[in-house]
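Visitor: Got a structure here, written out as structure tokens. Questions coming.
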Amino acid sequence: MATAVSTPPTEPATHKEEDAPQIVLLDPALVARDEYNAREEDTEPDEDLINSVKEIGVEETISVRPRPDGTYGAFKGWRRAQAQQIANATAEQDGRPVRRIKAHVREDLLGRDGWTRFLSLVENKHREGMSERDILKSQELSLIDMSDVERKQAAKALGVGRNAAKQAKAAQKLDDATLRRAAAGGMDLEQTAQLAEVEHVVGAERRLMRALERDHAEGNGGRGHWDQEMALLKAEQADADTRTKAEEDLKTADIPLLGLPGYGQKDTSKPLAELTSGLGNPLTEGNHKNCPGHSARLDDEHQPVWHCADPAAHGHKVRPQPKKPRTQEDEHRAEERRKVIACNRAWKAAAGPRQEFVARLVRQKTLPDAARVFAQEIVLTLPYFYSSWADKHESETVARFLGVKEPEHADLTETAVQLPKARVVNALFAHVAAACEYDIREPKTWSNPTVRQARYLLLLEALGQDDNGSYRLSEVEDQAVARHRPDTAA
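As numbered in this note's numbering, the sequence shown has no gaps in its residue numbers, which increase by one up to the final residue, 639.
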């Protein structure tokens, strides 16, 4: 007959779970897997465990909670319980004793499914064999199904942030091999989730791993290289998404997108700008759209360049002026154009990490002296860029730096009333930084920044280095300020 017998505790109380545990000797037949056990893969006991249990039984206490049908759900030690079930099945014929199993009966966990899953995760995470996917899934589900107090305690125990549940859900989009590489490479939960955001960008995993290695090599706990690489990858992904949408728009409009001709094939298509009608009139998208050869190619900015797929077949003529042969100068201009596009995209991407760092500076208890002095100088000297920005009464960026909720609708008059005296200098820097950000908003700024623009970027670089490398300039920013650095200035 299945029995459950109380016995004195044999393990010391070490945390809240063990404050007053009821330890019983259970018949293993009464134990089933708890539905909120964190381990979903590799749940069966291996031969070594089974053989050990046959000889000496289960030494380590399992943890269970009562179930409505009189059985017990194991959320810790389910593999050990199965091993004892298997051992007991052949005990009589092998001349071994039928053993019961020591169990913590956690009646306090009835109705607390999230916390049960979390406790199971804590145990299984540190045991060999639990998959990264099981860990992520359990983190997500346990943190969602908790009270705010439990969630805060659990997140601290797991070493994750307040957005851990969302991050764990996002990270599960990665395949098992990528999850294993991310864990082995030292990515934390937030970084694994960010990798999932950009995994379809070619080389994303390799580039992020290299950035992480550079951050680790500096040994100060910063993630400046990671943040800049992530910003670039997001920009590249957005660029790819823009092209995909452009291609879909053409497909919806039933306009063929021309590909590049294969090796040895002749490209019969020509842009409409190089063609005329049979009577010599210019061809445009409007008067050519009914031509069977109406088609397009996408330029570097993913805008359609209208073509005719076969002008000769559809009665068009090539414009009389001959096309000049492509020269080395043309190639140089094309290469410069590609560089400008890449740098423009990188400059816009760099604004994200830069402004996040400014927001962290503003929200610190004490603003660094260098930031305070810079802000004071701007306010006292009123350079043109600052007064020009102030005239625009733009407040959203200031509110965002200050951490105001819904910054796009912020009332800074109310914020000023509530601002403590000790935070005035932080608000001053937020104001000045917002003006500086507006001054460098144009993508072309990278090509020739002013002394004051470069000084702002160099200030942030120095503050990031002082803050354990939490921020560093992107490649395009570093390139832009190179001639303004003290050791290279003329």
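Backbone N, C-alpha and C fix where the C-beta goes; we use that ideal spot for every residue, glycine too.
Could you give the distance in angstroms between the alpha-carbon of G435 and the alpha-carbon of W595?
Guide: Distance between the alpha carbons of G435 and W595 is about 38 Å.
Visitor: Classify P502: buried if its beta carbon has 16 or more other beta carbons within 10 angstroms, exposed otherwise.
Guide: Under this definition P502 is a buried residue.
Visitor: Throw me the rounded Cβ distance for the V207 and Q233 pair, which I believe falls under 8 Å.
Guide: Contact holds; Cβ gap of about 5 Å.
Visitor: Could you name the residues of the same chain whose beta carbon sits closer than 8 Å to that of R181, not counting the 5 residues immediately before and after it, in chain order?
Guide: One point to set straight first is that residue 181 is Ala, not Arg, in the sequence displayed. R216, T220, Y221, G222 and A223, listed in sequence order.
Visitor: What whole-angstrom Cβ distance do V625 and A508 have, given they're in contact under 8 Å?
Guide: In fact, because the Cβ distance is near 21 Å, the residues do not count as touching under 8 Å.
Visitor: Within a Cβ cutoff of 7 Å, which residues of the same chain sit near W496, ignoring the five residues on either side of it in sequence?
Guide: For W496, where only same-chain residues beyond five positions count, the Cβ hits under 7 Å are P592, T594, W595 and V625.
Visitor: Taking DSSP as the reference, what is the three-state secondary structure of P157?
Guide: For P157, the predicted model reports a pLDDT of 40, less than 50, meaning its position is unreliable; a value from the coordinates is still stated below. Looking at P157 - three-state DSSP - the assignment turns out to be coil, as it is neither helix nor strand.
Visitor: Name the residue from Q377, Q628, Y587 and H558 whose alpha carbon lies nearest to the alpha carbon of K488.
Guide: Nearest C-alpha to K488: Q628.
Visitor: Do you know offhand how far G370's Cα is from Y620's?
Guide: Roughly 11 Å between the two C-alpha positions.
Visitor: Could you tell me the distance, in whole angstroms, from the CA atom of R433 to the CA atom of R468?
Guide: Just to set this straight, residue 433 is Thr in the shown sequence, not Arg. Roughly 13 Å separates the two Cα atoms.
Visitor: Can you name, in chain order, every residue of its own chain whose Cβ lies under 8 Å from the Cβ of A353, other than the five neighbours on each side?
Guide: Within the same chain, A353 has close Cβ partners L344, V347 and L382.
Visitor: What residue ranges within the stretch 303 to 379 form continuous beta strand (DSSP E) runs of no fewer than 3 residues, ordered along the chain?
Guide: Taking only runs of at least 3 residues, no beta strand (DSSP E) segment lies wholly in the stretch 303 to 379.
Visitor: Could you tell me the alpha carbon to alpha carbon distance between D262 and V213, rounded to whole angstroms?
Guide: Going from the Cα of D262 to the Cα of V213 covers about 12 Å.
Visitor: Which first and last residues belong to the beta strand (DSSP E) in which L447 is found?
Guide: Looking at the DSSP string, the run of the beta strand (DSSP E) that includes L447 is H443 to L447.
Visitor: Look at the alpha carbon of R311 and the alpha carbon of G335, and state the distance between them as a whole number of angstroms.
Guide: Whole-angstrom Cα-Cα distance: 20 Å.
Visitor: Under the three-state reduction of DSSP, which class applies to T152: helix, strand or coil?
Guide: The predicted model places T152 with a pLDDT of 45, which falls under 50 and marks its position as unreliable; any figure quoted below should be read in that light. The answer is coil: DSSP assigns T152 none of H, G, I, E or B.
Visitor: Using a threshold of 7 Å, state whether the C-beta atoms of A519 and F578 are closer than that.
Guide: Taking 7 Å as the Cβ cut-off, A519 and F578 do not qualify as a contacting pair.
Visitor: Whose C-alpha, out of P474, R486 and R359, is nearest the C-alpha of D449?
Guide: Checking every option, the nearest Cα to that of D449 belongs to R486.
Visitor: Does any residue of chain D have a CB that is nearer than 7 Å to the CB of T220?
Guide: Considering every chain present, this structure includes no chain D. It has just one protein chain.
Visitor: Does DSSP put F523 in a helix, a strand or coil?
Guide: If DSSP states are grouped into helix, strand and coil, F523 belongs with the helices.
Visitor: May I ask you to report which of helix, strand or coil DSSP gives R188?
Guide: DSSP places R188 in coil when its eight states are reduced to three.
Visitor: Taking the Cβ atom as the reference point for each residue, do A539 and V581 lie within a distance shorter than 7 Å?
Guide: No, Cβ-Cβ distance for A539 and V581 is not below 7 Å.
Visitor: In the DSSP assignment, the beta strand (DSSP E) including I640 goes from what residue to what residue?
Guide: Missing from the structure shown is residue 640; the chain here goes from 150 to 639 and no further.
Visitor: To the nearest angstrom, how far is it from the Cα of G442 to the Cα of T401?
Guide: Whole-angstrom Cα-Cα distance: 17 Å.
Visitor: Drop a sphere of 10 angstroms on the beta-carbon of T90, count the other beta-carbons inside from all chains shown, and report buried for 16 or more, exposed for fewer.
Guide: Outside the displayed span of the chain (150 to 639) sits residue 90, for which this structure offers no information.
Visitor: Which term fits N597, buried or exposed, when burial requires 16 or more other beta carbons within 10 angstroms of its beta carbon?
Guide: By the neighbour-count rule (16 or more Cβ atoms within 10 Å), N597 is not buried but exposed.
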